[in-house]
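Here is the structure we will look at, set down as structure tokens.
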Amino acid sequence: MKTWITIGIGLVIMGIIAAFVVYKFVYNKPHPDYETKDADFKIEAQQLFSEFKSNENAASLKYGGKVIEITGKPSSIEEADSMLIVVFAFEEGMFGSEGIRVTMLAKFNDQVKGLPLDNMTLKGFCTGFNDTDIIFEKGSIVK
Amino acid sequence: MKTTITFVIAVMMLGNVAFAQKYVTKTGKVSFFSTSPMENIEAHNKQVNAALDASTGDFVFKILIKSFEFEKALMQEHFNENYMESDKFPNSTFQGKITNLGSVDFTKNGEYDAEVSGKLTIHGITKDVTEKGKFVVKDGNVQGLAKFSVRLADYDIKIPKAVVNNIAEVIEITVDVNMNPLK
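These protein sequences, in sequence, are chains U and F. Position one of the first sequence corresponds to residue 11 (this note's numbering), numbered consecutively onward. Position one of the second sequence corresponds to residue 43 (this note's numbering), numbered consecutively onward.
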């Protein structure tokens with residue numbers, strides 16, 4: 011009888027631990043840290059834009075949902091609500107300039123505001139191409 | 043691919059209207075909200091392209107599905123991989139027209155009730171929709187606001203039985219696009 015009680019208590023404790031682990035590490039797992047994550051691709055900004063323009067479907071499959079490091083000279087830095095967006099413009103279209111738009115992680119906002127528009131390398135999560143721009147989220151400064 | 047071509051044609055059509063005042067944004071906001079007995083789920087996208095031609099009432103927007111952000115990473119994963127299949131259907135689009143264009147004065151500050159009809163494409167399925175919304179004209183800018191419901195089954199979005207109580211059959215979509223005149 012005592013043995014069965016011990017087994018029962020052990021199973022209950024294991025169940026509680028399993029539930030905690032699932033809640034903590036599966037259901038509530040944190041978002042990926044794109045700043046420290048290794049880049050899947052390192053590429054010149056202009057080349058990335060050219061790939062999307064020449065074959066959007068192939069480029070979307072290759073780069074969409076990936077962490078990418080791009081190097082290039084931005085043309086402007088836009089502010090929208092609390093977001094800072096580094097813009098690499100390569101063409102003019104219906105929506106104005108077209109190119110790559112990197113929305114920076116908020117922790118980089120002050121640093122980005124003070125940056126000259128020189129050659130730089132940024133890393134971010136590529137969400138795809140919306141007919142005018144390649145969109146990056148969670149951008150960070152590499153150099 | 044078809045929706046992309048349709049959107050590009052729509053944008054090109056907007057570009058061919060001489061002297062028309064056009065308003066655009068690349069940082070429009072679209073959110074959705076699902077309420078169910080088990081939990082509430084919301085997600086936000088702040089990188090929405092939207093364009094309005096004030097002379098014809100043509101109104102288009104395009105949304106990258108992977109740009110939706112959720113509070114929980116697991117929900118975001120399931121949304122992209124299982125429900126929206128965002129590798130296969132990376133965009134959602136709306137292409138339509140303001141049906142009561144005469145009631146909206148884009149040259150004068152004010153709030154104007156509007157009705158917009160057009161084609162909404164989600165998950166590769168295109169449906170005709172008519173929704174009510176509002177345009178707020180302020181100092182030369184135009185803000186488009188709308189709130190409407192979407193039935194997931196209408197767009198062939200399947201929810202696994204295991205989580206059927208966690209996700210609403212009808213979700214609420216909120217659109218807030220603040221457009222500036224195209225220079």
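From the three backbone atoms N, C-alpha and C, an ideal C-beta is built for every residue, glycine too. Note that the structure is predicted; figures quoted are calculated from it, not measured.
Quiz prompt | 7 Å Cβ shell around G182/F - same chain, five flanking residues per side excluded | solution = By 1-based counting over the second sequence, the position of residue 182/F is 140. Within the same chain, G182/F has close Cβ partners P223.
Practice problem: Just the chain U side, please: which residues come within less than 9 Å of Q63/F by C-beta, in chain order? | Solution: By 1-based counting over the second sequence, the position of residue 63/F is 21. None at all; the shortest Cβ gap to chain U is about 14 Å.
Exercise. Tell me where the alpha helix (DSSP H) around E127/F begins and ends.
Key: By 1-based counting over the second sequence, the position of residue 127/F is 85. Per DSSP, E127/F belongs to no alpha helix (DSSP H) and is neither H nor E.
Quiz item: According to the neighbour-count rule (16 or more other Cβ atoms, all chains shown, within 10 Å of its Cβ), is M80/F buried or exposed?
Solution: Stepping through the second sequence from its first residue, residue 80/F is reached at position 38. Classification for M80/F: exposed.
Quiz item: Would a check of beta-carbon distances place P132/F closer than 8 Å to chain U?
Solution: On the second sequence, position 90 is the one that residue 132/F refers to. Yes, P132/F counts as interfacial toward chain U.
Quiz prompt | Boundaries of the alpha helix (DSSP H) in which H120/F is found, first to last residue | solution = Translated into positions along the second sequence, residue 120/F becomes position 78. For H120/F, the uninterrupted alpha helix (DSSP H) run begins and ends at A115 to H120, by DSSP.
Quiz item: Going by other Cβ atoms of all chains shown within 10 Å of its Cβ, with 16 needed for buried, is P132/F buried or exposed?
Solution: Residue mapping note: residue 132/F aligns to position 90 of the second sequence, counting from 1. When all chains shown are included, P132/F counts as buried.
Quiz item: Which residue's Cα is closest to the Cα of D143/U: Y37/U, M11/U and S60/U?
Solution: Along the first sequence, read from residue 1 onward, the residue named residue 143/U stands at position 133. Measuring from the Cα of D143/U, the nearest candidate turns out to be S60/U.
Self-check item: Partners in chain F for M24/U, counting only beta-carbon separations shorter than 8 Å
Solution: Stepping through the first sequence from its first residue, residue 24/U is reached at position 14. Annotation: M24/U has no Cβ neighbours in chain F at a cutoff of 8 Å; minimum Cβ distance is about 23 Å.
Exercise. State the CB to CB distance for the pair F103/F and A85/F, rounded to an integer number of angstroms; the pair is presumed to be in contact (CB under 8 Å).
Key: Counting from one through the second sequence, the residue named residue 103/F turns up at place 61. Counting from one through the second sequence, the residue named residue 85/F turns up at place 43. The C-beta separation of F103/F from A85/F comes to about 16 Å, leaving the pair out of contact by the 8 Å criterion.
Exercise. Starting from F74/F, follow its DSSP beta bridges and name the residues at the other end.
Key: Residue numbering aside, residue 74/F sits at position 32 when the second sequence is read from its first letter. Paired residue(s): A85/F and I215/F.
Quiz item: Can the beta-carbon of V72/F be found closer than 8 Å to that of A93/F?
Solution: In the second sequence, counting from the first residue as 1, residue 72/F sits at position 30. In the second sequence, counting from the first residue as 1, residue 93/F sits at position 51. Going by C-beta atoms, V72/F is not nearer than 8 Å to A93/F.
Self-check item: With 16 other Cβ atoms within 10 Å as the buried cut-off, status of K148/U
Solution: Counting from 1 along the first sequence, the entry for residue 148/U is found at position 138. Residue environment for K148/U: buried (at least 16 other C-beta atoms within 10 angstroms of its C-beta).
Quiz item: Name the chain U residues whose beta carbon is nearer than 9 Å to that of N91/F?
Solution: Position 49 of the second sequence, counted from the first residue, corresponds to residue 91/F. For N91/F, the neighbours in chain U by C-beta distance under 9 Å run, in chain order, F105, N140, D141, T142 and D143.
Quiz item: Between the segment 34-52 of chain U and chain F, which residues of the former have CB atoms less than 8 Å from a CB of the latter, in chain order?
Solution: Interface annotation for the segment 34-52 of chain U against chain F: V36, Y37, N38, K39, P40, H41 and P42, criterion Cβ-Cβ distance under 8 Å.
Quiz item: Since A28/U is in the alpha helix (DSSP H), which residue starts that stretch and which ends it?
Solution: By one-based count along the first sequence, residue 28/U stands at place 18. It spans K12 to V32 - the alpha helix (DSSP H) in which A28/U sits, taken as one unbroken run.
Quiz item: How would you list, in chain order, the residues of chain U whose beta-carbon sits under 8 Å from the beta-carbon of A115/F?
Solution: For the purposes of this step, residue 115/F is identified with residue 73 of the second sequence, where counting begins at 1. Ordered by position in chain U, the residues that pass the 8 Å Cβ test against A115/F are K39, P40, H41 and P42.
Quiz item: Does the distance from the CB of L143/F to the CB of G99/F come in under 8 Å?
Solution: In the second sequence, the residue the question calls residue 143/F occupies position 101. In the second sequence, the residue the question calls residue 99/F occupies position 57. Cβ distance < 8 Å, so L143/F and G99/F count as in contact.
Quiz item: What does M93/U reach in chain F if we use C-beta pairs closer than 8 Å?
Solution: Taking the first residue of the first sequence as position 1, residue 93/U is located at position 83. Neighbours of M93/U on chain F, chain order: T69 and K88.
Self-check item: Rounded separation between V90/F and Y154/F - CA only
Solution: One-based indexing of the second sequence puts residue 90/F at position 48. One-based indexing of the second sequence puts residue 154/F at position 112. V90/F and Y154/F: Cα-Cα distance of roughly 22 Å.
Quiz item: Which two residues bound the contiguous alpha helix (DSSP H) that contains Q56/U?
Solution: For the purposes of this step, residue 56/U is identified with residue 46 of the first sequence, where counting begins at 1. Secondary structure note for Q56/U: its alpha helix (DSSP H) is the uninterrupted segment A55 to S64.
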